[in-house]
Amino acid sequence: MHQSISTNGVGYDNASHLPITPRRPSASSISTLIATRTRNPMQTTAPIPPPKPGSHDASRRSTPATTQSPRQPPLPSTPTSLPEVTAYAYAQTPAPPTIVDPGDTWLPKVLQDKSKQDLFEVLASQELLSALTHSASTIHPSVSASYGALQSALDENMELAKRLQELEARLAHQRSATQAQLLGAHALEHSWRAKQAAMDAALAPFAPASLYQQLAAGVNEQEQVCQALEESFLEGEGDGGLASEREASEWVRRYRDARKLFYLRQERKERWDEGRVGGWR
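When the count follows the UniProt record's numbering, it moves up by one through the sequence shown with no breaks and lands on 281 for the last residue.
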């Protein structure tokens, strides 16, 4: 009794172990598996292909596929800042061209003249499938296009990373310079405070409070000088005799000068107390 076992659409006779309907290697069953695994080695099931254009589809015959791309927005009329221009440039980056799916019967040229046994061996070897997927001569056009877009994105990322490294180096240099300037500013601030304290100590005798104390002490001192002159005149300088005219005139002159200085200092103190001293008030 003969039985026919179907494997992916290919029939075999158990008695003779020969295919019932021998075909070329470009048959739909084997080519579907090869094309599916070559296009996406990580995908176990083939994606649904787009519908093929029919003979009565006038739009597909007359309109090329490239005219279906969206119209690009117009360029901005006003100048913008650098971040906006960069964002606009990224937005204006054209999308990768759409690759028309060649269908389930696509096979790499290197496999089109192979026997079915060789094709089954290729399907059973993950290394061969990976080599066919990534080889430049056998890669699927859609995978090649995606690799091109990925490579351009990687190059752009590398350029941005290089610019970021340059900016990082500049930032580190500026940060160290700023830190050094900040430390220098702190040192100058401490030095200025020390010099300000020394200046205040040197100018303390000439401060308004110190000058007022000196003026008050001078008034009291001059008053005591006048009292001492009066007592010395009344006591007669200890001899008990009368003073001569020359001694009297000398005492009068000395007492007049001392009293004049006393009134002058007293007047200055009163004016200070009344707030009539200018300069620092």
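C-beta: ideal position from N, C-alpha, C; glycine also.
This one's a predicted model, so the numbers in the text were calculated from it and none came from an experiment.
- Counting C-beta pairs with one atom in each stretch, the stretch 252 to 259 and the stretch 221 to 229 have three or more that are closer than 8 Å, which means they touch.
- L183 and P205 have their C-alpha atoms roughly 35 Å apart.
- Taking a contact as a CB-CB distance under 8 Å, the pair L123 and P108 does not count as one, their CB atoms being some 13 Å apart.
- In the three-state reduction of the DSSP assignment, Q112 falls in the coil class, being assigned neither a helical nor a strand state.
- Ranked by how close their Cα comes to the Cα of Y255, the residues R246, S210, F233, Q214 have F233 in first place.
- One Cα belongs to Y147, the other to S130, and the distance between them is close to 15 Å.
- Cβ-Cβ distances below 7 Å link Y212 to W272 in the same chain, with the five nearest sequence neighbours on each side left out; the list follows chain order.
- Excluding residues up to 5 positions away in sequence, nothing lies with its Cβ nearer than 6 Å to the Cβ of R246 in the same chain.
- Per DSSP, P141 is one residue of the alpha helix (DSSP H) stretching across 141 to 203.
- Around the CB of Q222, 16 or more other CB atoms lie within 10 Å, so the residue is classed as buried.
- Secondary structure of A216 (DSSP, three-state): helix.
- Of the candidates Q266, A177, S152, Q266 places its Cα closest to the Cα of V219.
- With a 10 Å radius around the Cβ and a threshold of 16 neighbouring Cβ atoms, L119 comes out buried.
- In this chain, the alpha helix (DSSP H) harbouring S130 covers 126 to 134.
- For A258, the uninterrupted alpha helix (DSSP H) run begins and ends at 245 to 273, by DSSP.
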